[in-house]
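Visitor:
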Amino acid sequence: MNNTWDDATLSAYIDGELDADRQNAVLAAMEHNKALSERICSLRRTKDWMRTGYGSATPPPRELPGRKFSWRNLRAGVAASVMALAIGTGAGLLAYGYAEHDDAMARSASSDPHRIVLHIDDSDPEHFGQLLDFTESFLQENRDNGAQVEVVANSGGLDLLRTDRSPYQQRVRELSAKYSNLQFIACMNAIRNLKRAGSDVPLIDDVHTGETAIDHVVKRLQQGWTYRKIDSL
8 MNNTWDDATL
18 SAYIDGELDA
28 DRQNAVLAAM
38 EHNKALSERI
48 CSLRRTKDWM
58 RTGYGSATPP
68 PRELPGRKFS
78 WRNLRAGVAA
88 SVMALAIGTG
98 AGLLAYGYAE
108 HDDAMARSAS
118 SDPHRIVLHI
128 DDSDPEHFGQ
138 LLDFTESFLQ
148 ENRDNGAQVE
158 VVANSGGLDL
168 LRTDRSPYQQ
178 RVRELSAKYS
188 NLQFIACMNA
198 IRNLKRAGSD
208 VPLIDDVHTG
218 ETAIDHVVKR
228 LQQGWTYRKI
238 DSL
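Everything in the sequence shown is counted per our numbering, starting at 8 for the first residue and increasing by one.
1) Cutting at 7 Å between CB atoms, please list the residues of its own chain near residue 26, excluding the five before and the five after it.
2) Please go through the same chain and pick out, in chain order, the residues whose beta-carbon is closer than 7 Å to the beta-carbon of residue 208, but skip the five residues on each side of it.
3) I'd like to check one pair, residue 155 with residue 122: are the Cβ atoms closer than 7 Å?
4) Distance check for residue 46 and residue 21, CA to CA, integer angstroms please.
5) Under 8 Å Cβ to Cβ from residue 138, same chain only, skipping five residues before and after it: list those, please.
6) Residues in its own chain within less than 7 Å of residue 189 by CB, not counting five upstream and five downstream?
7) With respect to the alpha helix (DSSP H) encompassing residue 154, which residues constitute its N-terminal and C-terminal limits?
8) Grab the span of the alpha helix (DSSP H) containing residue 234 for me, first residue to last.
9) Please check the pair residue 130 and residue 163, which I expect to be a contact at CB under 8 Å, by giving their CB distance rounded to whole angstroms.
10) Quick check on residue 196: buried or exposed, where buried means 16 or more other Cβ atoms within 10 Å of its Cβ?
11) Secondary structure at residue 222, three-state DSSP: helix, strand or coil?
12) How would you label residue 34, buried or exposed, when you count the other beta carbons within 10 angstroms and need 16 or more for buried?
13) Look at the alpha carbon of residue 133 and the alpha carbon of residue 174, and state the distance between them as a whole number of angstroms.
14) May I have the straight-line CA-CA distance separating residue 74 from residue 148, to the nearest angstrom?
15) Output the distance between the C-alpha atoms of residue 140 and residue 216, rounded to the nearest integer angstrom.
16) Can you tell me whether residue 179 is helix, strand or coil according to DSSP?
17) Residue range of the alpha helix (DSSP H) that residue 189 falls in?
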């Protein structure tokens, strides 16, 4: 019996994403482990709460690279994006608790527009190209304002930071070399899940790992950074 089930695996079980053998293993473990059953129920309730509570939230209005940010609807947009991020990673939210997420989102309303976390969770090359265009334009136009940008990739977005899949390897390397105030970050959970499934995950040089996407985003929100998702640029 496995006593060390992580939230990523349990989230995949709830979403029906495990193969038959692993799904049966979770079911068998639940029969003998009351704490595990309660944990799965709690995670399921959290997912349901997030889907119903934030499903109608409106993302921030679209803006062109380098344009001044509009803060109307930002709180709702950050709420929806952070909750979607928590569902996508399958981990992190329970560890923080609702209070800290609410606190992080409240701080975002007055966050520093020159320190930005950009989040991508799909493998669409066009989206990543838009993100890189925005990043370069933003850093150029705010070079005297202490600007900092972090690009956080999880789920399908991880493909865009891999040497075996990304069509933007050279550009990522060039931007990393040109701007010391730019970092590319790959979600630790996404990497671990791929490796567990037997896949190698070769990352582009200078891509950072070590944290889950949700952990990193919430930490930055608490530090006063601005959060932007690729579909709200």
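Cβ atoms here follow ideal geometry from the backbone N, Cα and C, with glycine treated the same way.
Guide: Reading off the structure:
1) Stepping through the sequence shown from its first residue, residue 26 is reached at position 19. If we look at residue 26 and ignore the five residues flanking it on each side, it has no Cβ neighbours.
2) Here residue 208 refers to the residue found at position 201 of the sequence shown. Hits under 7 Å: 169, 198, 201 and 202.
3) In the sequence shown, residue 122 corresponds to position 115, counting from 1. In the sequence shown, residue 155 corresponds to position 148, counting from 1. Their beta carbons are under 7 Å apart, which means residue 122 touches residue 155 by this criterion.
4) Residue numbering aside, residue 21 sits at position 14 when the sequence shown is read from its first letter. Residue numbering aside, residue 46 sits at position 39 when the sequence shown is read from its first letter. Approximately 11 Å between the Cα atoms of the pair.
5) Indexing the sequence shown from 1 puts residue 138 at position 131. Only 125, 127, 158, 237 and 240 meet the Cβ criterion.
6) Looking up residue 189 in the sequence shown gives position 182. Around residue 189: 142, 146, 156, 182 and 183.
7) Stepping through the sequence shown from its first residue, residue 154 is reached at position 147. That residue, residue 154, is in no alpha helix (DSSP H); it is neither H nor E in DSSP.
8) Stepping through the sequence shown from its first residue, residue 234 is reached at position 227. Element bounds for residue 234: not the alpha helix (DSSP H) but the beta strand (DSSP E), 232-236.
9) Within the sequence shown, numbered from 1, the residue matching residue 130 stands at position 123. Within the sequence shown, numbered from 1, the residue matching residue 163 stands at position 156. The pair is a contact, with the Cβ atoms about 4 Å apart (cut-off 8 Å).
10) For the purposes of this step, residue 196 is identified with residue 189 of the sequence shown, where counting begins at 1. Per the 10 Å Cβ criterion, buried.
11) The residue given as residue 222 occupies position 215 in the sequence shown. Three-state result, residue 222: helix.
12) Here the question's residue 34 lines up with position 27 in the sequence shown. Exposed: under 16 other Cβ atoms inside 10 Å.
13) Position 126 of the sequence shown, counted from the first residue, corresponds to residue 133. Position 167 of the sequence shown, counted from the first residue, corresponds to residue 174. Cα-Cα distance, rounded: 10 Å.
14) Locating residue 74 in the sequence shown gives position 67, where the first residue counts as 1. Locating residue 148 in the sequence shown gives position 141, where the first residue counts as 1. Residue confidence is low: residue 74 scores 43 on pLDDT, short of 50, so the model does not pin down where it sits. No coordinate-derived value is stated.
15) Stepping through the sequence shown from its first residue, residue 140 is reached at position 133. Stepping through the sequence shown from its first residue, residue 216 is reached at position 209. So the alpha carbons of these two residues sit roughly 23 Å apart.
16) Walking along the sequence shown from the start, residue 179 turns up at place 172. Residue 179: helix per DSSP, three-state reduction.
17) For the purposes of this step, residue 189 is taken as the residue at position 182 of the sequence shown. Per DSSP, residue 189 belongs to no alpha helix (DSSP H); it is in the beta strand (DSSP E), 189-193.
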